[in-house]
Amino acid sequence: APKGVWCPTCGLAALAPTTRRDVLIALAKQSILSKLHLEDRPNITHPTSRGALLTALRRIRAQRTDTALSSGMPRGGRVPRLRPGTQEYQILSFAESGSSASRSVRLHFHFTRELAGSTEILQATLYLFWAVPGPGTYPVTIRLSQPDPRGLNVTGASETRLEVQRDGWATLDVGRAVQSLFSRGGQKLTVELEVAEDWGSPLLSVHSEAHWPFVAAQARARTPTRVQRR
Amino acid sequence: SIDCSGDSRMCCRKEFFVDFKEIGWEDWIIQPEGYHMNYCAGLCPLHMAGIPGLAASFHTAVLNLIKANNADAAVDSCCVPTRRRPLSLLYYDRDSNIVKTDIPDMIVDACGCT
Chain A
1 APKGVWCPTC
11 GLAALAPTTR
21 RDVLIALAKQ
31 SILSKLHLED
41 RPNITHPTSR
51 GALLTALRRI
61 RAQRTDTALS
71 SGMPRGGRVP
81 RLRPGTQEYQ
91 ILSFAESGSS
101 ASRSVRLHFH
111 FTRELAGSTE
121 ILQATLYLFW
131 AVPGPGTYPV
141 TIRLSQPDPR
151 GLNVTGASET
161 RLEVQRDGWA
171 TLDVGRAVQS
181 LFSRGGQKLT
191 VELEVAEDWG
201 SPLLSVHSEA
211 HWPFVAAQAR
221 ARTPTRVQRR
Chain B
1001 SIDCSGDSRM
1011 CCRKEFFVDF
1021 KEIGWEDWII
1031 QPEGYHMNYC
1041 AGLCPLHMAG
1051 IPGLAASFHT
1061 AVLNLIKANN
1071 ADAAVDSCCV
1081 PTRRRPLSLL
1091 YYDRDSNIVK
1101 TDIPDMIVDA
1111 CGCT
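Taken in order, these protein sequences are the chains called A and B.
Take 1 as the starting number for the first sequence in this note's numbering and just add one per residue.
Take 1001 as the starting number for the second sequence in this note's numbering and just add one per residue.
Structure below.
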């Protein structure tokens, strides 16, 4: 660099190797955290079990393949490509158990403020694993709501009725509910499952971790809206 | 582009690997195991200006001579990244959700003179 002009990397050459290493590691940490919109590294309180993670990834892949085949897209279900340079996120949120009664159970899904504030949802799917008590058809009501942080008033409630006939995974599109949650800066989505009669925990197989309910969402970084004036 | 070796002073790419286990981040970053935080360093003499990396073609040699003889016409030149790629991360966020994202332009693959 010309005399007297500060050159970002020349300064490094002048440092002692250990100091240089510390400076570079501090830069790497700061760069990664800022690109993830995190003030500090997260402290992980309850990491997901490997079994639940692998099952969820397999389910998402299977679902994407099925969707692609049914819509005539090539196997592998290409995800809609985004503008180059757009940062895209795949989010897996595993349910936290809420209150339950003989005919209903509540599940909570938490999304961080950083993600809710810096991304927009492209799609979101709720995955549930049914365990029916016997042959027949079991009507289930699924209610989605977004309690405010104090848990008092609830907004954005929506209701869906399903008829469950056999064990296995089922999916529900919750893209609109999660998008509305993100656009309000909310962080918690509550899913309530209610069955007509007392069949035990409403049909959910909540005993095995590998069948734990989860939401798989795809989001992209919000690009600042550009206003063009002519 | 060239990778810096020993005492090379010309514009080159310095490799630097940050091992997430060494910095205590392996509990929240599931994949990968580290970050190739390469950077560009070295001198860009005026006759090297505008050549991404050290091109060795005849055309470049001639161009270099022209530049070297018209040094006052050239402007400053800096050693900068000429090719970068995204860093793919699979990590836990504060709510223990699992997030996968590709952070664009995080890994320097090649350096050259502006």
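Cβ atoms here follow ideal geometry from the backbone N, Cα and C, with glycine treated the same way.
According to the neighbour-count rule (16 or more other Cβ atoms, all chains shown, within 10 Å of its Cβ), is A177 (chain A) buried or exposed?
buried
is_contact[R1085 (chain B), chain A] using C-beta, thresh 8 Å
no
Comparing C-alpha positions only, which one of A:D66, A:T112, A:A116, A:P17 sits nearest to S183 (chain A)?
A:A116
Shorter than 8 Å from the beta carbon of L181 (chain A) to some beta carbon of chain B?
no
Between the CA atoms of W212 (chain A) and G168 (chain A) - distance to the nearest angstrom
12 Å
In or out: Q165 (chain A) buried (at least 16 other Cβ within 10 Å) or exposed?
exposed
Cβ pair R1083 (chain B), D1102 (chain B) closer than 8 Å
no
Quick one, which residues of the stretch 86 to 100 of chain A are near chain B if we go by CB-CB under 7 Å, in chain order?
Q87, E88, Y89, Q90, I91, L92, S93
Whose CA, out of A:L204, A:R222, A:R220, A:A221, lies closest to the CA of Y127 (chain A)?
A:L204
Any 3 or more C-beta pairs closer than 8 Å across the stretch 1004 to 1017 of chain B and the stretch 117 to 125 of chain A:
no
For D1105 (chain B), count neighbouring C-beta atoms within 10 Å of its own C-beta (all shown protein chains included) and say buried if the count is 16 or more, exposed if not.
exposed
From what residue to what residue does the beta strand (DSSP E) around I1002 (chain B) run?
Counting along the chain, I1002 (chain B) falls outside any beta strand (DSSP E), and DSSP gives it neither H nor E.
Examine chain B for any beta-carbon lying closer than 8 Å to the beta-carbon of H46 (chain A), and answer yes or no.
yes
Give the interface partners of S1096 (chain B) over in chain A, defined as CB-CB distance under 7 Å, in chain order.
I44, T45, H46, P47, T48
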